[in-house]
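Enquirer:
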Amino acid sequence: MTDESNAFSAPYAPPDEDFARLWLAAPSRDDLRAAETALAARLLGAIRSRPPGVVGVEDFLREFRLSSREGLAVMALAEALARAPDNPTADLLLADKLAAGDFEGHALRSDAPLIQACAFALGLSARLVEAEFSPRPVVAGLARRLGAPALRTAARQALRLLGGHFVFGDTIHAALARAKSPACRKDLHSFDMLGEGARTAQDARAHFEAYAHAIQAIGEAAEGEGPPRRPGISVKLSALHPRYEAIANERVRAELAPRLRELAGLAREQDIGLTVDAEEANRLELSLDVIGRVLADPSLAGWEGFGVAVQAYQKRAGSVIDHVAELARRFGRRVTMRLVKGAYWDSEIKRAQERGLADYPVFTRKSMTDLNYLACADRLLAASHVFPQFATHNALTAASIVARARGRRDYEFQRLHGMGEALHEALRQHSGVACRVYAPVGPHRDLLAYLVRRLIENGANTSFVARAAEPEISETDLLADPLDILRASGRARHSRLPLPRDLFAPERKNSAGVEFGDRAALAGLLAEIAPHRGAADAIVPHAVEAETALVRAQEAFPAWSGTPVARRADILLRVADLVESERGRLIALLHEEAGKTLDDCLAEVREAADLCRYYAAEAKKICAALPLPGVTGEDNLLRRHGRGVFVCISPWNFPLAIFSGQIAAALAAGNCVVAKPAEQTPRIALVAAQLFAAAGLPDGALVCAPGDGAVGAALVADPRAAGVAFTGSVETAQSIQRALAARGGPIVPLIAETGGINAMIVDSTALLEQVTDDVLASAFRSAGQRCSALRLLCLQEDIYAPALDMLIGAARELRIGDPREVATHIGPVIDAAAKAALEAYLAGRTAEGRVLYAGAAPKSGNFVAPHIVRLDSPRDLTREIFGPVLHVTSWRAEGFSDLIDESAASGYGLTLGLHSRIDGRIAELARRAPAGNIYVNRNMIGAVVGSQPFGGFGLSGSGPKAGGPDYLRRFTRETTLTVNTASLGGDAGLLSMED
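Counting in the working numbering, the sequence shown runs from 5 upward without gaps.
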């Protein structure tokens, strides 16, 4: 059977309203309603009537709400404290988080041992922190009175105690021993080996070996007959491959499927269950491809232990169940399917918004997720080749499943270790159905991400766990039927969560993107591009004389300047629509002329559309007459007008977005434009200019003038140029500045955006996996050819070695090659001259013995592989190296402020990154503002129009920021009109004003 015949297919993000209509129109279940309600009330009563002193995580979440300062402090410390290997950083983190909370008060209010112990320990620590001190004096003061060791010890013990309620054992052998203890023997277990997803091949091997070892140990210790009655293991596919992503689907299927098949074979030998955990929506199709390959393997025949987790908050959950059940039927298997609500809701929402999708792949209301869970439960109970597993801590959901099972016992309930004990004990007593505990296994350090996710997920104000722990919430409210909630509200969606396309409404529409993890959407995009392959060769740029261009634009200026701003804005909105409708053609040109990868091409098309819409909306605000206050008898109006002919000089690294953005801003403000594109990318510019004309821009309002540097110099030197917008090198910007000063005549604005020696600072509280992802994107995406790209990575010396090892290992996994291939991460540099300059620089660094990593690049073409170069000090990098070259240096924990000083001393001020969980450091960076764009705990590229206005200062540019509220003002001239309204003999308005 071919892979295509096994492929999963379902709409990625269908409208919520379609589901709501279906559920509201479904026949009522009145025969089950009474039984569901009665059992749910009984289960809730069991939850709320636990004996005093019996403590679960539910009590902790109630005591330390995530809406409280103490709750947020606990979450932050749990996530980061164990990562900090050095005492100075741990002290700063503790001082940062504990100063704001009243932990001792929690100990006084609670009888629960877990809460008392954690609150006492954190309260002891907090007493050593005085909130009015800055972090540096805090640590100094603590050290003087020997308080720091006590602070660290108490806080770490508290968090270990908390972690112990979530983690079943440090090792698989400890977990198996605990599972056989009298307190745990009544439950089945599915062991989850903690750890972040693999970033390197070494990570993937280590995770594989840990899974294989655990399967062997579980099998040797297992009792019972058959996987449904024996302990099992849960595996994450992201832990088994370093590039587990949709664009690498061919590689992942070829490399990951055999690894999963081998683990499944080991589980078959031990006759235990192996469940593939659910991950993000964009990986679902890839996961099911891998799962389909493994299920089809004849060597697994007769084994009933292969399992798949399904997330009910995903709109495709029902389709996933149908798909896997059909595969099981086709291959003669019986599979287990674990139904969960889902744990990545917030990140799914953010990803859909970032990508400008038509809708969300997950439901946005809890009641809709609850209803989908029950709809999926019905599917599972009806499937003949499936053993259902229902993971829930919700009393009403559990009661509904029992009622729908109608006495059947061939299924099981599941819960997270440390949660839901009372609910599941009551379920066992009532239904006789088995309960399995999802039991995390791993050292305290690996607990961090899991613990915080559980705290957020179950501490949210919509969570049943959090609400059931609130005595003031009535039984009626807690057990309200989600269908009744839907029917009463009439809303399938969250009222405060707009669709991704409406994120910036009502001012403008968000640009449309594509989720590469949606196979149908990606295929549609590629189909748009295919007809335009090779079309760049048919476009022949013709040089335009500076004189001719300026004459045409100057002649058009009076009419265009007099065009109402609403009309100018409408034309720009049509340009944005045309850019999106012509994206296939534009992407093909970006591939071929600029050497951009698919994700970079799509992002640039979206940015061009966003800039046109943003400046259209801004122009309607700032170019409207603005009444100003004044004395009676006078009217004062501020008006903004176009200056004349603007010269816009754009770079080759963003030949569509920056080219279009400069033009759109100048046109929106009422100027005419002579646009000089980069010599390397004239074809993209010509096509973009054609779109402006097709949108209704009058002849002469925009003149595209391709040519070499001499054309740009002539345009700048001409006194008819009323302003210059430039993006490029600092040397060229300074040359333009001198030319404008030397030409005489009116003083005109220069809006310059250049480059920078952009640094990222990483301290020891940062999550290295996140750092690695962000560094790779910031330094190597677009082959490092972004002015915002990361040039200098400053790693705290305490994590320098492991961070560098992970980064180098992850860089090895990047694919360098043809940018037209979907799987390519890094394309070529712009031309042979750029390649030669980079190779000469790297040859010098290699001779000095400073190259820590040199990737491999194709021999033909203008490819330069990623390189990592060691520096002794940040001061050693004195100029921008424009390509895939990352410099690294180390710094001491006490030297954070000095590091900021060194960054500022370079004279550049474009982008700066920080990875830290210490709010005080974030605040210091924001206060000192050493760069125009500061990014915290994320990558440093891809500034979003209107959200992250882009631009720097010093050697990095003049400002104002592109894509920001002040940009258009620089393209205008201002006039104030004052009219004496009393000149006819009196102020009629004042005289007739009513009291």
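Every residue gets a Cβ at the ideal spot worked out from N, C-alpha and C, and that includes glycine. From a predicted model like this one, the values you see are computed outputs, not experimental measurements.
What is the rounded straight-line gap between the Cα of arginine 505 and the Cα of tyrosine 619?
Expert: To locate residue 505, count along the sequence shown from 1; it is residue 501. To locate residue 619, count along the sequence shown from 1; it is residue 615. Using only the alpha carbons, I get a separation of about 17 Å.
Enquirer: Using 9 Å as the threshold, is the C-beta distance between leucine 361 and alanine 17 below it?
Expert: As a first step, residue 361 must be located in the sequence shown, where it is residue number 357. As a first step, residue 17 must be located in the sequence shown, where it is residue number 13. Yes. Within cutoff.
Enquirer: Given a cut-off of 9 Å on the beta-carbon distance, is the pair glycine 913 and glycine 732 in contact?
Expert: Locating residue 913 in the sequence shown gives position 909, counting from the first residue. Locating residue 732 in the sequence shown gives position 728, counting from the first residue. Not closer than 9 Å, so no.
Enquirer: Does the beta-carbon of alanine 135 have 16 or more other beta-carbons within 10 angstroms, so that it is buried, or is it exposed?
Expert: The residue labelled residue 135 in the question sits at position 131 within the sequence shown. For alanine 135, the pLDDT reaches just 34, beneath the cut-off of 50, and the residue's location in the model is therefore unreliable, leaving the point undetermined.
Enquirer: For the putative contact between arginine 297 and alanine 268, defined by C-beta atoms under 8 Å, what is the C-beta separation to the nearest angstrom?
Expert: On the sequence shown, residue 297 is found 293 positions in, with the first residue counted as 1. On the sequence shown, residue 268 is found 264 positions in, with the first residue counted as 1. With a Cβ gap of about 11 Å, arginine 297 and alanine 268 do not count as contacting.
Enquirer: Just the C-alpha distance for alanine 525 and aspartate 363, rounded to the nearest angstrom, thanks.
Expert: Position 521 of the sequence shown holds residue 525. Position 359 of the sequence shown holds residue 363. Just so you know, the alpha carbons of alanine 525 and aspartate 363 end up roughly 13 Å apart.
Enquirer: Might you give, ordered along the chain, the residues of its own chain that have their beta carbon closer than 6 Å to the beta carbon of proline 562, omitting 5 neighbours on each side?
Expert: By 1-based counting over the sequence shown, the position of residue 562 is 558. Closer than 6 Å at Cβ, skipping near neighbours: no residue.
Enquirer: Find out if the Cβ-Cβ distance for the pair phenylalanine 886, glutamine 789 is shorter than 9 Å.
Expert: As a position in the sequence shown, residue 886 is number 882, starting the count at 1. As a position in the sequence shown, residue 789 is number 785, starting the count at 1. Cβ distance < 9 Å, so phenylalanine 886 and glutamine 789 count as in contact.
Enquirer: Decide if threonine 893 is buried, meaning its Cβ has at least 16 other Cβ atoms within 10 Å, or exposed.
Expert: Here residue 893 refers to the residue found at position 889 of the sequence shown. Buried, since its Cβ has 16 or more Cβ neighbours within 10 Å.
Enquirer: Quick one: is proline 862 buried, meaning 16 or more other Cβ sit within 10 Å of its Cβ, or exposed?
Expert: As a working note, residue 862 is residue 858 in the sequence shown. So proline 862 counts as exposed.
Enquirer: Are at least three pairs of beta-carbons, each pair with one atom in the region 581-592 and one in the region 691-699, less than 8 Å apart?
Expert: yes
Enquirer: Sort Val437, Phe394, Ile405 by Cα distance to arginine 413 and report the nearest one.
Expert: Reading the sequence shown from its first residue, position 409 is the one you call residue 413. The candidate whose alpha carbon is nearest that of arginine 413 is Val437.
Enquirer: Per DSSP, glycine 782 is paired with what?
Expert: Numbered from 1 along the sequence shown, position 778 holds the residue referred to as residue 782. Correcting the residue type first, residue 782 is serine in the shown sequence and not glycine. The partner list for serine 782 (beta bridge, DSSP) is empty, contrary to what the question assumes.
Enquirer: Once DSSP output is grouped into helix, strand and coil, what is the label at tryptophan 656?
Expert: Numbered from 1 along the sequence shown, position 652 holds the residue referred to as residue 656. In the structure shown, tryptophan 656 sits in coil (DSSP, three-state: anything other than H, G, I, E or B).
Enquirer: At which residue ranges does the region 315-359 contain complete beta strand (DSSP E) runs of 3 or more residues, listed in the order of the chain?
Expert: DSSP runs (the beta strand (DSSP E)) wholly in the region 315-359: 339-344.
Enquirer: Check whether the Cβ atoms of alanine 271 and valine 312 lie closer than 9 Å to each other.
Expert: Here residue 271 refers to the residue found at position 267 when the sequence shown is read from its first residue. Here residue 312 refers to the residue found at position 308 when the sequence shown is read from its first residue. Not closer than 9 Å, so no.
Enquirer: If leucine 180 and alanine 221 are in contact, beta carbons under 8 Å, what's the gap, nearest whole angstrom?
Expert: Position 176 of the sequence shown, counted from the first residue, corresponds to residue 180. Position 217 of the sequence shown, counted from the first residue, corresponds to residue 221. Yes, they are in contact, since the Cβ atoms of leucine 180 and alanine 221 sit about 6 Å apart, within 8 Å.
Enquirer: Mapping the DSSP letters down to three states, classify isoleucine 820 as helix, strand or coil.
Expert: Residue 820 sits at position 816 when you count from the first residue of the sequence shown. Assigned with DSSP and collapsed to three states, isoleucine 820 falls in strand.
Enquirer: The beta strand (DSSP E) that contains leucine 420, what's its start and end?
Expert: In the sequence shown, residue 420 corresponds to position 416, counting from 1. 416-420 is the extent of the beta strand (DSSP E) around leucine 420.
Enquirer: Identify every run of the beta strand (DSSP E) within the region 233-271, keeping only runs that are complete inside it and at least 3 residues long; order them along the chain.
Expert: 236-239
Enquirer: Secondary structure at methionine 810, three-state DSSP: helix, strand or coil?
Expert: Sequence index remark: in the sequence shown, residue 810 carries index 806 (1-based). Methionine 810: helix per DSSP, three-state reduction.
Enquirer: To the nearest angstrom, how far is the alpha carbon of arginine 338 from that of cysteine 605?
Expert: As a first step, residue 338 must be located in the sequence shown, where it is residue number 334. As a first step, residue 605 must be located in the sequence shown, where it is residue number 601. So the two alpha carbons sit approximately 44 Å from each other.
Enquirer: Which residue marks the beginning of the beta strand (DSSP E) containing proline 631, and which one marks its end?
Expert: Indexing the sequence shown from 1 puts residue 631 at position 627. Counting along the chain, the beta strand (DSSP E) containing proline 631 begins and ends at 630-632.
Enquirer: Given this structure, state the Cα-to-Cα distance separating alanine 836 from histidine 891, to the nearest angstrom.
Expert: Position 832 of the sequence shown, counting from 1, holds the residue named residue 836. Position 887 of the sequence shown, counting from 1, holds the residue named residue 891. Cα to Cα, the separation comes out at about 23 Å.
Enquirer: Isoleucine 872 and leucine 97 - do their beta-carbons sit closer together than 9 Å?
Expert: Within the sequence shown, numbered from 1, the residue matching residue 97 stands at position 93. Within the sequence shown, numbered from 1, the residue matching residue 872 stands at position 868. For leucine 97 and isoleucine 872, no; Cβs fall outside 9 Å.
Enquirer: Please give the ranges of any alpha helix (DSSP H) in the region 817-863, keeping only runs that are unbroken, at least 4 residues long and fully inside the region.
Expert: 836-851
Enquirer: Who are the Cβ neighbours of glycine 989 in its own chain at under 7 Å, not counting the five residues just before and after it?
Expert: Walking along the sequence shown from the start, residue 989 turns up at place 985. No residues qualify anywhere along the chain.
Enquirer: Under the DSSP definition of a beta bridge, which residues are partnered with proline 392?
Expert: As a working note, residue 392 is residue 388 in the sequence shown. Looking at the DSSP assignment, proline 392 forms a beta bridge with Met341.
Enquirer: Could you name the residues that DSSP lists as bridge partners for leucine 794?
Expert: Walking along the sequence shown from the start, residue 794 turns up at place 790. Looking at the DSSP assignment, leucine 794 forms no beta bridge with any residue, so it has no partner.
Enquirer: Taking the alpha carbon of leucine 244 as the point to measure from, which residue in Glu229, Ala208, Ala258 has its own alpha carbon closest?
Expert: What you label residue 244 is simply residue 240 of the sequence shown in a count that begins at 1. The candidate whose alpha carbon is nearest that of leucine 244 is Ala208.
Enquirer: Would you please state the rounded distance, in angstroms, between the beta carbons of histidine 448 and arginine 164? I believe it to be under 8 Å.
Expert: Position 444 of the sequence shown, counted from the first residue, corresponds to residue 448. Position 160 of the sequence shown, counted from the first residue, corresponds to residue 164. About 6 Å; that satisfies the 8 Å criterion.
Enquirer: Starting from asparagine 866, trace the beta strand (DSSP E) both ways and give me its first and last residue.
Expert: As a first step, residue 866 is located in the sequence shown; it is residue number 862 there, counting from the start. Per DSSP, asparagine 866 belongs to no beta strand (DSSP E) and is neither H nor E.
Enquirer: Decide if asparagine 10 is buried, meaning its Cβ has at least 16 other Cβ atoms within 10 Å, or exposed.
Expert: Here residue 10 corresponds to residue number 6 of the sequence shown, with the count starting at 1. Per the 10 Å Cβ criterion, buried.
Enquirer: Does the region 553-570 come into contact with the region 608-627, if we say contact requires no fewer than three beta-carbon pairs (one atom in each stretch) closer than 8 Å?
Expert: The region 553-570 makes contact with the region 608-627: 3 or more CB pairs, one atom from each, lie closer than 8 Å.
Enquirer: In chain order, which alpha helix (DSSP H) runs of at least 4 residues are fully inside the region 910-966?
Expert: 923-932
Enquirer: Contact defined as beta carbons within less than 8 Å: I believe leucine 4 pairs with valine 833. What is the distance between those atoms, to the nearest angstrom?
Expert: For the chain, the structure presents residues 5 to 999; residue 4 sits outside this window and is missing.
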